[in-house]
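Notes to accompany the following structure.
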Amino acid sequence: MNIKDLAQHLGISIGTVSRALNDKPDVNAKTRERVLNAAVELGYSANASGRSLRRGTTQTIAFMLETGQSELRSGDNFFMRVIDAMQAELDDQGYDLIILPCHSANDPTEFLKRVIARGTADAIVVTATMKNDPRIEFLLKSRLPFLTLGRSRLEDQHPWIDLDFEGYVDQTIRKLVALGHKRIAITVPPTRSNIASVLREAYENAVAETGLEFDPGLIFECEVSESGGNQVTRQILEMPNRATALLLNYELMAFGVYSALQEAGLSPGKDLSVATLRRSKLLRFLNPPVTAFEIDLEQLGRTIAQEVLQVLRDNSHKTRIVWPATMAITESFAPPPGR
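Given below as structure tokens:
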């Protein structure tokens with residue numbers, strides 16, 4: 000059934016049917032409901048490809064996720080909360096949001112090339128950015144508007160929004176130094192990740208500015224998971240001159256840290272001060288609750304949607320936003336043992 004058949008069945012004009020299907024405001028609610036019900040009952044569906052060709056747009060924004068990330072495998076709700084808020088904002092603007100899951104076995108750049116060749120979306124949001132990211136280099140050569148959730152070495156050439164990793168590291172280390180800590184460790188994700196590069200640089204700067212002695216052995220590259228936090232804590236406890244505080248780049252790692260301390264007969268805060276980047280509802284099950292930063296994920300999602308639409312409308316628009324966070328100190332922070 001085509002739109003002409005549907006209009007004849009309902010006894011109304013093709014234009015009215017089209018406006019009802021596209022949720023235009025000049026169609027009353029009863030007519031819209033009548034059209035939608037008839038479309039379902041009679042098996043009508045719009046020819047999306049033909050409509051996109053006529054309009055020169057798909058009215059769709061894509062969100063690319065690499066499903067092999069350990070955060071996604073652990074059931075982290077970060078992206079789901081961001082995506083939910085994005086969808087709400089895009090819906091208000093007449094756009095749909097699609098999620099493009101790139102399997103860990105696939106080459107992300109080749110996956111992106113296929114997406115662009117198929118004309119799947121008008122613009123794309125790319126996540127899990129690397130310091131040297133071939134996807135960004137490819138997108139800069141293409142005509143597809145894009146925005147990244149994360150930075151790269153080409154951050155001055157493309158629009159991006161990123162979390163305030165520098166602020167997290169700087170504020171946390173300064174608070175710990177004020178409590179008397181001199182041996183402060185940090186975890187970073189695998190080296191190809193841009194987050195790892197940002198965290199390392201922020202850590203070195205904060206250590207230098209607070210007058211601490213820099214020890215590369217206090218930077219732990221590990222899996223971003225509960226197991227990674229557990230393993231790092233065990234390594235710290237075996238050090239002859241061990242760290243007295245630990246900064247985690249991922250909140251669920253705190254569960255592994257607390258478990259390792261408990262098995263050793265030690266306590267978070269009293270024996271090892273612990274902080275993590277993002278405060279999550281899951282962390283309330285820890286005792287004591289871990290020091291972390293409040294991040295407004297709903298507003299972050301809406302802002303990503305707003306900014307990618309800005310880029311879509313004006314490809315010269317250069318979004319560069321470091322997303323703010325507020326520190327919430329808990330009993331997981333204490334002076335170092337012996338003080």
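Each residue of the sequence shown is one higher than the one before, starting from 0 at the first, in numbering that gives the first Met the number 0. C-beta: ideal position from N, C-alpha, C; glycine also.
Determine the extent of the alpha helix (DSSP H) in which residue i is found, giving its start and end residues.
i: D169; result: 164-178
i: E237; result: Note, E237: premise wrong, no alpha helix (DSSP H); not H, not E.
i: T209; result: Unbroken run through T209: none, as it is neither H nor E.
i: A6; result: 2-9
i: A38; result: 28-41
i: F110; result: 107-116
i: T302; result: 296-312
i: F332; result: From DSSP, F332 is part of no alpha helix (DSSP H); its letter is neither H nor E.
i: L342; result: Because the chain spans 0 through 338 in this model, residue 342 falls outside it and cannot be assessed.
i: A87; result: 77-91
i: L246; result: Not the alpha helix (DSSP H): L246 falls in the beta strand (DSSP E), residues 244-247.
i: F137; result: 133-140
i: T15; result: 13-20
i: Y257; result: 252-262
If you measure between the beta carbons of residue i and residue j, is that distance less than 9 Å?
i: E250; j: R233; result: no
i: I97; j: I60; result: yes
i: H157; j: I123; result: no
i: I185; j: N248; result: yes
i: V168; j: A201; result: yes
i: M238; j: G216; result: yes
i: E65; j: P107; result: yes
i: D354; j: V197; result: The requested residue 354 does not occur in the structure, where the chain is confined to residues 0 to 338.
i: P267; j: L285; result: yes
Taking the alpha carbon of residue i as the reference point, which residue from the options has its own alpha carbon closest?
i: E225; options: A259, T147, D106; result: A259
i: P188; options: F164, A19, E237; result: F164
i: F332; options: K29, L5, I183; result: I183
i: V307; options: R173, Q92, K130; result: Q92
i: V256; options: K280, P287, G210; result: P287
i: I328; options: R173, E203, N240; result: R173
i: A84; options: T56, L311, A291, L296; result: L296
i: A120; options: K130, K181, V176, F62; result: F62
i: A244; options: G118, V114, A38, A177; result: A177
i: I235; options: T209, N204, D270, A104; result: D270
i: G179; options: L211, G300, N76; result: L211
i: F137; options: R117, M129, N229, K112; result: K112
i: Q58; options: C221, G118, A104, V39; result: G118
i: T302; options: T318, E40, K280; result: T318
i: I218; options: G337, N240, N229, A195; result: A195
Going by DSSP, which residues form a beta bridge with residue i?
i: L99; result: M63
i: P267; result: L271
i: M326; result: F292
i: F145; result: I123
i: E220; result: V187
i: I160; result: L148, I320
Please work out which residues of its chain come closer than 7 Å, Cβ to Cβ, to residue i, disregarding the five sequence neighbours upstream and downstream, and give them in chain order.
i: P323; result: D163
i: G166; result: A324
i: D132; result: S151
i: N193; result: T128, M129, K130, G149, R150, S151
i: E203; result: F213
i: H316; result: P158, Q309, V310
Enumerate in chain order the residues of its own chain whose CB-to-CB distance from residue i is below 6 Å, with the five nearest sequence positions on each side excluded.
i: Q170; result: M326
i: A87; result: none
i: P144; result: A122, V310, L311, N314
i: R191; result: M129
i: A274; result: T171, L246, T290
i: V34; result: V16, A19
If I measure Cβ to Cβ from residue i and keep anything under 8 Å in the same chain, skipping five residues before and after, which residues do I get?
i: L139; result: L153, Q156, H157
i: G14; result: none
i: L89; result: I60, D95, L96, A304, L308
i: A6; result: S12, I13, T15, V16
i: S141; result: I115
i: G42; result: M0
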